[in-house]
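What follows is a short report on a single structure.
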Amino acid sequence: MVDYLVIVESPAKAKTIEKYLGKKYKVKASMGHVRDLPRSQMGVDVEDSYNPKYITIRGKGPVLKELKDAAKKAKKVYLAADPDREGEAIAWHLAHSLNIDEHTDCRVVFNEITKDAVKDAFKRPRSINMDLVDAQQARRILDRLVGYNISPLLWKKVKKGLSAGRVQSVAVRLIVEREKEIQEFKPEEYWKINAEFEKDGETFDAHFYGADEKKLDLSNEDEVNNILKRIKGEDFLIKSVQKKERRRNPAPPFTTSSLQQEAARKLNFRAKKTMMIAQQLYEGIEIGKDTVGLITYMRTDSTRISETAKSEASSYIEQKYGSKYQGTNKKAKKQSEKSQDAHEAVRPTSVVRDPASMKKYLSRDQNRLYKLIWERFVASQMASAIMDTMSVDLTNEGVIFRATGSKVKFPGFMKVYVEGNDDNKKEEDKMLPDLQEGMNAQAKDIEPSQHFTQPPPRYSEARLVKTMEELGIGRPSTYAPTLDTIQRRGYVALEDRKFVPTELGEIVLDLVLEFFPDIIDVEFTAKLENNLDEIEDGQENWIEIIDEFYKNFSKRLEVAEEEMKEVEIKDEPAGEDCEKCGSPMVIKMGRYGKFMACSNFPDCRNTKPILKEVGVKCPSCKEGNIVERKSKKNRLFYGCDRFPECEFLSWDKPIKRKCPKCNSMLVEKKTKKKKEIKCVNCDYTEEQN
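Convert by adding 174 to the 1-based position in the sequence shown; the result is the number in the numbering used here.
Right, here's the structure in full:
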């Protein structure tokens, strides 16, 4: 018989915590929720104060029995699920299932899984926070009321298997509306004039700025020619030289959203993968004989840092880089109004455990993500970078060209980490010669170039998460599941890591927009999220919030039942016949995009992928054509269309030209830094812009 039973969500977390607590404690895992609303029915009584009907989750019976048996043998049971709404709800469900009084000190929370943090938490147990439970219940019930009412309607009017949800529908709307913006975009012409100048043998670049003391935009070739006609000779007067010192502050430590964004930019991680690996780092990694949680809780919208962590980071920075690299004790950046600020930022539990020393204990992806989190945190506590900037205006007959340059005078935080950007632009020092006002410089080359404005970019996962956060849609724990759901439902697809709406997604959105405009209204959804926060803070009653929503929603539901017309999604002809039964093949939309299927389904179940040819004959069998294919992990590769007879494959895209040295196949190789053409047989290489 043990004195204390501790229940957490996962075996990994249980294993880590049990090592910290000693022999009197037994730690077991509930494997997440043990109770939930039934899948086969609504499970919410709208006539009785929206009373939820909870049942034991299918397959969790043996787990629950094991926990009940263990609880009977223990003097006291502690519920140590994660420190958020979901964790509080798991603890509450466990309390009900195990007959634990929720008002007793049965709940233990910690923001990091380290020996000191866990032991300290067990000195301060508390009762279950029903405001947190009610906020989670309210979200679950709201989502159930929406999903289990609209989804059957869509099954009846469109096709089986569809769903609609509060947050996922708004995410689809953002993607569809962005696609419409792109399609309706009308490019506008504009011109640039770039010039290369020389002064005392040194060259530097400048661009056209304006004329007659005013900034001027060039919109057509005539305007460009008028400017060029004004320029007389090569000599330009250096009219002004401005030198400034600029400070650049470090980015704050990670929130859930910024972690997902930066992991996408720098590591090419999907949001789901980022959260899965972060969970592993949080729950515990075996470091020699010890098991240690390497990062704090990864679901947070706060950039707050504890004084202990700040102090440790300050000492580390002084020792490693010197006192001049220590950050000042400036005031922490003000949290967003939408931030709950319930937990600290995502940071390493100890800055002393640097990535180099942890590398041997981690998988490649774990190490990459840990390095990112560690560097971002350390940089956030370091001194600002100091940049020397220089701006020079050169004139000729009133025509102004401007040259700019900058260099790092003191790297500060940039010695450790520089925040990424969505455009993948690399920052480089760009220095100008020592130019003085009144001097002349010679224009060696003046080159005008025509450009057109570009449509807004499609959403990547990082951009979409950032937009959802800015609009107040969803919360840290919902971003990754939302993105996963809209792809699994076939409402959007990923092309070149950018979201593209499918025809099905647009049809469903139009129907929901017509009959349930509130569900996909950004402001309405953000207001509901705020209501949930207010329930968590004890300022609102969850039943009243749901009742206010459902009264209007139920009226719209009645109208939709009567007036929504059936939509027939016609299969697009594929232009070929089924090789098994001879019936026409059609194009269908599946989880991973479009594919070909026999129109004689279900009598014939033949399916084929849609193959995109790249215009190159197979170098192996000389008969087939090279086509694009996708691996099980959705990675693009190239193979012969005669597979499995011909097993040729290449991760790099073959091109039509042959190698000029050995006449073998050339392929296009892409990395983050460059793109080049390489021969598969010899050392021939071409650099590409």
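No residue lacks a Cβ here, since even glycine has one placed at the ideal position from N, Cα and C.
Please report the straight-line C-alpha distance between residue 427 and residue 738, rounded to a whole angstrom. 48 Å
Cα-Cα separation between residue 264 and residue 690, rounded to whole angstroms: 32 Å
Just to confirm, is the Cβ distance from residue 522 to residue 491 under 8 Å? no
Beta-carbon separation of residue 380 and residue 576 under 8 Å? yes
Can you tell me whether residue 410 is helix, strand or coil according to DSSP? strand
Per-residue burial, residue 844 [other beta carbons within 10 Å of its own, 16 or more giving buried]: exposed
Report the three-state DSSP secondary structure of residue 584 (helix, strand or coil). strand
Can you say whether residue 756 is buried or exposed, counting buried as having 16 or more other CB atoms within 10 angstroms of its CB? exposed
Have a look at 584, 656, 552 and 423 and flag the residue whose alpha-carbon is nearest the alpha-carbon of residue 498. 584
Classification of residue 712 by the beta-carbon crowding that lies within 10 angstroms, buried from 16 upward: exposed
Whole-angstrom distance between residue 442 and residue 358, CA atom to CA atom: 30 Å
Using 8 Å as the threshold, is the C-beta distance between residue 471 and residue 256 below it? yes
State the DSSP-derived secondary structure class of residue 466, mapped to helix, strand or coil. strand
Under the three-state DSSP convention, the category residue 823 falls into: strand
Alpha carbon to alpha carbon, how far is residue 710 from residue 817? 57 Å
Alpha carbon to alpha carbon, what distance is there between residue 253 and residue 864? Given that the chain is displayed from residue 175 to residue 863, the structure contains no residue 864 and the question cannot be resolved.
Determine which residues share a DSSP beta bridge with residue 562 and list them. 419 and 581
Apply the 10 Å Cβ neighbour rule to residue 625 and answer buried if 16 or more other Cβ atoms are within range, or exposed otherwise. exposed
Where residue 751 sits in the DSSP three-state scheme: strand
As assigned by DSSP and simplified to three states, the class of residue 593: coil
The region 231 to 239 contacting the region 175 to 194, beta-carbon criterion three pairs below 8 Å: no
According to DSSP, is residue 382 helix, strand or coil? strand
Is it the case that the region 283 to 290 contacts the region 321 to 341, given that we only count it when at least three CB pairs across the two stretches are under 8 Å? no
Please confirm if the region 338 to 354 is in contact with the region 656 to 675, defined as three or more CB-CB distances below 8 Å between the two stretches. yes
Does the beta-carbon of residue 467 have 16 or more other beta-carbons within 10 angstroms, so that it is buried, or is it exposed? buried
Rounded straight-line distance, which links the Cα of residue 418 to that of residue 188: 56 Å
Can you name the start and end residues of the beta strand (DSSP E) that residue 619 belongs to? 614 to 626
Evaluate residue 454 with the Cβ neighbour count: other Cβ atoms within 10 Å of its Cβ, from every protein chain shown; 16 or more gives buried, anything less gives exposed. buried
Buried/exposed call for residue 462, threshold 16 Cβ in 10 Å: exposed
Give a single yes or no on whether residue 380 has its beta carbon closer than 7 Å to a heavy atom of the ligand GDP. Among the components of this structure there are no ligands whatsoever, and the ligand GDP is therefore not found.
So is residue 429 buried or exposed if we call it buried at 16+ other beta carbons inside 10 Å? buried
What whole-angstrom Cβ distance do residue 320 and residue 574 have, given they're in contact under 8 Å? Rounded, the Cβ-Cβ distance is 58 Å, inconsistent with contact.
Is there contact between the region 722 to 737 and the region 335 to 342, where contact requires at least three CB pairs shorter than 8 Å? no
For residue 591 versus residue 636, is the C-beta distance shorter than 8 Å? no
Sub-8 Å separation of residue 179 and residue 204 beta-carbons: no
In the region 438 to 483, which residue ranges form an unbroken alpha helix (DSSP H) of at least 4 residues, counting only runs that do not cross its ends? 445 to 457
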